[in-house]
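Enquirer: Mature numbering (1 follows the signal peptide of the UniProt record, and there is no 0) puts the sequence shown at residues -25 to -1, 1 to 306.
Just so you know, even glycine gets a beta-carbon here, dropped at the ideal spot from N, CA and C.
Provided herewith is a single structure, encoded as structure tokens, for subsequent inquiry.
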Amino acid sequence: MLTSRLPRSWCLPFLLIASACNASANDVGQWYLQLDNDIIFGDDGDFTNGINLGYKHSLLSVDIKSPTWFEWQKQLLLPQAQYEHTWAIGLSQRMWTPNEIEHSTPQPFDRPYAGTLMAEFHGALYTSDLAQKNWISLGFIGPESGNEALQNWVHKVTGSSPPKGWQYQIERQFIAQYAYEIESLLYRNKSFATSEWELSGFSHNEIGNLRSEMQAGLSLRWGFDLASSFGNLSNHYSDAGLLNTAGSMSQFMLFSRVFIGYRFNDLTISGNLPYTSEIDIAHQQAGVSVGAIWGNPAWSVSWTFNGYSKEYTDDNSAWHGYGSLLFSWKL
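Printed below as a string of structure tokens:
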């Protein structure tokens, strides 16, 4: 069974997530589950699968404190006089594979197999026109991430060709990451009926031994009462936003984001391997996403199409893509 093959170290991050429920007896925060896969684009390779499970506290006024750890993490953000704030804790697993997974020998001119498992701590400050967020992530890359067992199980259940090269994956290494994102409103105006549209600019920066990169981009949204949900979109992989609507009515939102960036290092490409790899990191990066969110007071669902430029120079495909399905719910 799949569960018998997963590393015992998985238990620790799950315990961290479960402990979040004890933060407040009156908490009305949200749980969320994000599922990513490249099958929607008919792709098989590069970033191929992701799972993100976590818990995010409801918005707190400026005079209410977060748990001690997140109060400390909040000090790493730029000072703001008035804001609402929140915190989150989560567990994410990500998987990268070569374009051809049926080869049982090393592929030095293709990206290697790689998998990560990371626990993440998140803090955020929100206003109607400015949002700041940061993330501290700890985990590892390598066999202990459980990605080999997961892909073998999924391919067996779906009748797909089994991957044959996981024995050549990036070797085990500890991962530590810090990320910071700021988003500022550029323009917001009325659309038809009571709907609105807005344009904002954002910067997402990350430093760590998994990836270090700088990104800048634009975000376009159309929906209702956009000021109350400003900053809920993000370029950070595991950020789920606060997608449940605050009121008693269901709401719908469409969005698109574009960015350009520069990547300094990428452990999923340059990590230690049992063979000699001949590929190099593609430092210039770009990406685009288009999606929709349907939010209710007790739950929400969002669907996003994500496209990104090639991540290593010898990649024959200039672009790759994957779909994201995100559920959130209140307990």
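May I have the straight-line CA-CA distance separating residue 201 from residue 171, to the nearest angstrom?
Expert: 7 Å
Enquirer: Classify residue 40 as helix, strand or coil using the three-state DSSP reduction.
Expert: coil
Enquirer: Under a Cβ-count criterion, where at least 16 other Cβ atoms within 10 Å of its own Cβ denotes burial, should residue 53 be classed as buried or exposed?
Expert: exposed
Enquirer: Rounded to whole angstroms, what is the Cα-Cα separation between residue 83 and residue 279?
Expert: 32 Å
Enquirer: Would you call the CB atoms of residue 232 and residue 188 closer than 8 Å?
Expert: In this structure, residue 232 keeps its C-beta atom at 8 Å or more from the C-beta atom of residue 188.
Enquirer: Do residue 178 and residue 157 count as a contact pair if the criterion is CB distance below 8 Å?
Expert: yes
Enquirer: Considering only residues of the same chain and omitting the five flanking positions on each side of residue 10, which have a CB-CB separation below 7 Å?
Expert: In chain order, 26, 300 place their CB closer than 7 Å to the CB of residue 10, counting only its own chain and leaving out the 5 sequence neighbours on each side.
Enquirer: At what residues does the beta strand (DSSP E) containing residue 26 begin and finish?
Expert: 21 to 31
Enquirer: Less than 8 Å between the CB atoms is what I'm expecting for residue 121 and residue 91, so what's the real figure, rounded?
Expert: So it is not a contact: roughly 10 Å between Cβ atoms.
Enquirer: Run the CB neighbour count on residue 138, radius 10 Å, all protein chains shown included, and call it buried at 16 or more, exposed below.
Expert: buried
Enquirer: By the DSSP assignment, the alpha helix (DSSP H) with residue 128 in it spans what residues?
Expert: Segment 122 to 133, the alpha helix (DSSP H) holding residue 128.
Enquirer: Within 10 angstroms of the Cβ of residue 185, are there 16 or more other Cβ atoms? Answer buried if so, exposed if not.
Expert: buried
Enquirer: Across the stretch 43 to 59 and the stretch 70 to 88, are there enough close Cβ pairs to call them in contact, namely three or more that are closer than 8 Å?
Expert: Judged by Cβ distances under 8 Å, the stretch 43 to 59 makes no contact with the stretch 70 to 88, as fewer than three pairs qualify.
Enquirer: Determine the DSSP secondary structure at residue 281, reduced to helix, strand or coil.
Expert: strand
Enquirer: In the DSSP assignment, what are the bridge partners of residue 10?
Expert: 26, 300
Enquirer: Express the C-alpha separation of residue 8 and residue -2 in angstroms, rounding to a whole number.
Expert: Residue placement at residue -2 is flagged as unreliable, the pLDDT there being 44, under the threshold of 50; the coordinate-derived value follows with that caveat. One C-alpha to the other measures close to 21 Å.
Enquirer: Quickly, what does DSSP pair residue 59 with across the bridge? List them, please.
Expert: Beta bridge pairing from DSSP links residue 59 with 36, 101.
Enquirer: With DSSP collapsed to three states, give me the class of residue 142.
Expert: Annotated three-state conformation of residue 142 is helix, per DSSP.
Enquirer: Does DSSP put residue -1 in a helix, in a strand, or in coil?
Expert: At residue -1 the pLDDT is 43, less than 50, meaning the model places this residue with poor confidence and gives no usable figure here.
Enquirer: Check whether the stretch 243 to 252 and the stretch 40 to 49 are in contact - that is, three or more C-beta pairs closer than 8 Å.
Expert: no
Enquirer: For residue 292, I'd like the list of residues in its chain whose CB is within less than 7 Å of its CB, leaving aside the five on either flank, ordered along the chain.
Expert: 285
Enquirer: In chain order, what residues of the same chain lie with their CB nearer than 6 Å to the CB of residue 13, ignoring the 5 residues before and after it?
Expert: Around residue 13: 23, 297.
Enquirer: How big is the Cα-Cα spacing for residue 260 and residue 244?
Expert: 15 Å
Enquirer: In the DSSP assignment, what residue or residues form a beta bridge with residue 230?
Expert: Residue pairing by DSSP places residue 230 opposite 196, 266 in a beta bridge.
Enquirer: Would you mind working out which of 217, 227, 277 sits nearest residue 31, comparing C-alpha positions?
Expert: 217
Enquirer: Quick one: residues in its chain with C-beta nearer than 7 Å to the C-beta of residue 241, no 5 flanking neighbours on either side, listed in chain order?
Expert: 186, 256, 286
Enquirer: With a threshold of 16 other CB atoms inside 10 Å of the CB of residue 205, please say whether the residue is buried or exposed.
Expert: In the assembly as shown, residue 205 is a buried residue. Its beta-carbon has 16 or more other beta-carbons within 10 Å.
Enquirer: From residue 267 to residue 303, what distance separates their C-alpha atoms?
Expert: 14 Å
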